[in-house]
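At position 43 of the sequence shown the residue is numbered 43 (the UniProt record's numbering), and the sequence of numbers has no breaks. By construction, the Cβ of each residue, glycine as well, lies at the ideal position given by its N, Cα and C atoms. So the structure is just underneath, and the comments pick up after that.
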Amino acid sequence: MPRYFVYDKEDGRVVHVHETYDVTSGTTLPCTQEEVLAVLDEGLEKERLGILQSEFEPDAGSGALRVDLTTQNVMAAGVPDK
């Protein structure tokens, strides 16, 4: 299940999580970087953003997410990388 995490390349803060579903099969479909960027809020500075494809699935109620800029792992904000 590809999931795309759009994050600020300076601080790792995730600003958008994107998935595309095929309702017929119930599967998640891959997307291009352009498709992910096309659905973002126009107020975001797209040149500051990175996109990370990951299978990471946030726990319900995990709150804010971030990308560790060194390891490129997604995690709940405030949780140290393992």
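DSSP-derived helix/strand/coil call for residue i
i: A38; result: helix
i: Q72; result: coil
Spatial neighbours of residue i in its chain, beta-carbon cut-off 6 Å, leaving aside the 5 residues before and after
i: F56; result: V74
i: H18; result: Y4 and V36
i: A38; result: none
CB of residue i within 8 Å of CB of residue j, strictly
i: P58; j: A77; result: no
i: V14; j: L65; result: yes
Own chain, CB closer than 7 Å to residue i, minus 5 neighbours either side, in chain order
i: L44; result: V15
i: G63; result: A76 and A77
i: S54; result: R3, F5 and V74
Span of the beta strand (DSSP E), counted from its first residue to its last, around residue i
i: F5; result: R3 to D8
i: R66; result: L65 to V67
*Between the segment 49-68 and the segment 3-18, are three or more C-beta pairs nearer than 8 Å?*
yes
*asked:* Check whether the segment 64-74 and the segment 22-41 touch, using three or more Cβ-Cβ pairs below 8 Å as the test.
replied: no
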